[in-house]
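Chains W and Z supply the protein sequences, listed in that same order. Numbers in this note's numbering are just positions in the first sequence, counted from 1, shifted up by 666. Numbers in this note's numbering are just positions in the second sequence, counted from 1, shifted up by 54. Backbone N, C-alpha and C fix where the C-beta goes; we use that ideal spot for every residue, glycine too. The structure displayed is predicted, hence computed values, not measured ones. Everything on this sheet refers to the single structure shown next.
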Amino acid sequence: MGDDAMSRPLKRSNAPIFWGLFGAGGMLAALLGPMLVFITGIAAPLGFILAPDAMSYANMMAFTGHWLGKAFVFAIVPLFLWHAGHRVFHSLHDVGIHAGMVARLVCYGGALLGTLIVAWALLLIGF
Amino acid sequence: MARTITMEVLRYRPEQDAGPVFQTYEVPFTDDMSVLQGLLHIKDELDETLSFRWSCRMAICGSCGMMINGKPALSCKTFLRDLAPGPVRIEALNHFPIERDLVVVMEDFIDKLERIQPYIIPKEPRTLEQGEYLQTPAQLEKYEQFSSCINCLLCYAACPQYGLNPDFVGPGALALLHRYNADSRDGGAAQRMELVAAEEGVFNCTAVGYCSEVCPKHVDPANAVNQNKTTAAADYFLGFLKPKGSRT
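Put into structure tokens, the structure is as follows:
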């Protein structure tokens with residue numbers, strides 16, 4: 667018995683990359699998510715607490731024009747996407763859908779695509 | 055007159071049953087009777103062919119784990135009075151092949167237990183003359199709860215990830231692995247890392263936490279597994295900083 671299993675070669679998991687992005691996104695989502703939903707979904711569009719033009723096109727361009735604004739958007743959007751991708755991937759596995767290469771490509775590929783789009787859009791705005 | 059309770063017990067006798075089937079027994083019980091005592095009543099008085107594992111009757115030996123009304127529990131630690139009026143549904147532990155009736159095949163776990171190197175690998179060898187390894191209460195506290203595991207397998211029956219992928223080392227064995235890693239006398243963490251960080255290792259866990267909930271000895275396997283995710287991730291990324299060839 668034992669000998670067979672003991673000598674089975676172990677392959678190092680590359681999960682730390684995805685788990686790290688998932689963890690970072692989860693931390694930001696927990697800390698900032700509700701506030702962002704409130705600002706972008708309620709406060710800004712209804713002009714409640716915030717000024718009605720708080721998230722106007724001009725203001726947002728100015729926000730993302732600054733390197734700090736860029737850093738914020740680049741941290742928030744891609745990390746939220748990586749968090750969601752990882753969560754969806756593992757939930758598929760939980761509900762019995764075989765989470766193979768296709769699911770991996772859709773979940774993590776989606777997050778990677780989102781990351782590239784955000785990077786591209788931020789670069790287009792320029793410094 | 056004694057009260058009775060209906061016990062629906064999963065039977066599987068490979069020589070006569072095509073698959074597992076339920077058999078129903080009417081069992082008289084008193085307030086002090088455990089589910090295990092109910093099964094012993096069946097075995098002694100009603101049907102001697104019923105098979106199940108048991109030994110100590112006091113939640114020490116870890117033999118009598120089974121599914122009781124769908125939840126993993128020790129039958130010696132679960133009382134019939136709490137399940138009245140019944141019926142009580144008793145099945146073999148989830149996620150394990152059934153050998154016979156309520157007896158499961160546990161080779162897979164024994165195998166995993168060997169792989170975690172469940173013994174102290176001394177940090178510094180000491181001779182007899184040097185005396186014992188000393189440990190402070192704070193150092194003891196770091197691993198003490200993880201040393202309470204009685205290998206009853208309830209956490210494996212509770213773990214959805216082990217159910218989906220039996221290659222996963224699983225909650226119980228990883229909690230024991232952590233028990234040795236967290237011991238101040240032990241220096242084996244680096245050599246256990248290969249298994250922790252492997253595809254069979256900690257990253258199979260999705261932090262469901264049911265393992266810790268069902269543990270009859272208040273071990274917290276979910277905590278052990280997730281602490282080791284952090285150490286495995288640190289080891290993974292710090293490994294890139296080490297000189298070539300020194301990586302394990």
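Item                                                                                                                          : Value
Residues sharing a beta bridge with residue 63 of chain Z, DSSP                                                               : Z/77, Z/144
Residue of W/786, W/773, W/756, W/761 minimising C-alpha distance to residue 259 of chain Z                                   : W/756
Inside the segment 92 to 128 of chain Z only - alpha helix (DSSP H) runs reaching at least 4 residues                         : none
Separation of residue 234 of chain Z from residue 85 of chain Z, as counted between CA atoms                                  : 40 Å
Boundaries of the alpha helix (DSSP H) in which residue 248 of chain Z is found, first to last residue                        : 243 to 250
Cβ-based burial, residue 178 of chain Z [other Cβ within 10 Å; buried from 16]                                                : exposed
Cβ separation of residue 774 of chain W and residue 714 of chain W, assumed to be a contact under 8 Å, to the nearest whole Å : Between residue 714 of chain W and residue 774 of chain W the Cβ distance is about 37 Å, and since that is not below 8 Å, they are no contact.
Members of the segment 277 to 292 of chain Z that neighbour chain W once the beta carbon cut-off is set at 7 Å                : 283, 286, 287, 290, 291
Residue burial classification, residue 216 of chain Z (beta-carbon count within 10 angstroms, cutoff 16)                      : buried
Given residue 70 of chain Z as reference, the closest of Z/82, Z/103, Z/80 once Cα atoms are compared                         : Z/103
Rounded separation between residue 678 of chain W and residue 214 of chain Z - CA only                                        : 22 Å
Listed by chain order, chain Z residues near residue 748 of chain W by CB distance under 9 Å                                  : Under the 9 Å cutoff, chain Z gives no residues; its nearest Cβ is about 14 Å from residue 748 of chain W.
Residue 233 of chain Z, enclosing alpha helix (DSSP H) - first and last residue                                               : 225 to 235
Anticipated Cβ contact below 8 Å, residue 309 of chain Z with residue 89 of chain Z, distance rounded                         : No information on residue 309 of chain Z is available, as it lies outside the stretch 55 to 302 that chain Z covers here.
Cβ neighbour criterion (16 or more within 10 Å) applied to residue 737 of chain W                                             : exposed
Interface flag, residue 680 of chain W vs chain Z, CB-CB below 9 Å                                                            : yes
Continuous beta strand (DSSP E) stretch holding residue 170 of chain Z: start and end                                         : That residue, residue 170 of chain Z, is in no beta strand (DSSP E); it is neither H nor E in DSSP.
Residue range of the unbroken beta strand (DSSP E) whose run includes residue 153 of chain Z                                  : 152 to 154
Minimum Cβ-Cβ distance from residue 760 of chain W to chain Z less than 9 Å                                                   : yes
Neighbourhood of residue 62 of chain Z by C-beta, 6 Å cutoff - its chain only, sequence neighbours within 5 removed           : 76, 78, 141, 143
Residue 284 of chain Z versus residue 744 of chain W: straight-line alpha-carbon distance, rounded                            : 22 Å
Distance between beta carbons of residue 238 of chain Z and residue 199 of chain Z, contact taken as under 8 Å                : Residue 199 of chain Z to residue 238 of chain Z, Cβ: 15 Å. No contact.
Endpoints, alpha helix (DSSP H) assigned at residue 791 of chain W                                                            : 767 to 791
Test: residue 677 of chain W CB closer than 9 Å to a CB of chain Z                                                            : yes
Residue 257 of chain Z at chain W interface by Cβ criterion, 9 Å                                                              : yes
First through last residue of the alpha helix (DSSP H) which encompasses residue 135 of chain Z                               : 134 to 137
Sequence-distant residues of its chain with Cβ nearer than 6 Å to residue 96 of chain Z (five each side left out)             : 79, 104
Three-pair Cβ contact test at 8 Å for the segment 238 to 254 of chain Z versus the segment 162 to 179 of chain Z              : yes
Proximal residues to residue 153 of chain Z (C-beta, below 6 Å), its chain only, five neighbours per side dropped             : 159
Sequence-distant residues of its chain with Cβ nearer than 7 Å to residue 282 of chain Z (five each side left out)            : 228, 232, 250, 256
Interface flag, residue 214 of chain Z vs chain W, CB-CB below 9 Å                                                            : yes
Below-9 Å beta-carbon distance, residue 667 of chain W vs any chain Z residue                                                 : Here the model assigns residue 667 of chain W a pLDDT of 40, short of 50, so the residue's position is not dependable, and the following value carries that caveat. True, the Cβ-Cβ gap to chain Z drops below 9 Å.
C-alpha distance - residue 224 of chain Z paired with residue 705 of chain W, whole-angstrom precision                        : 42 Å
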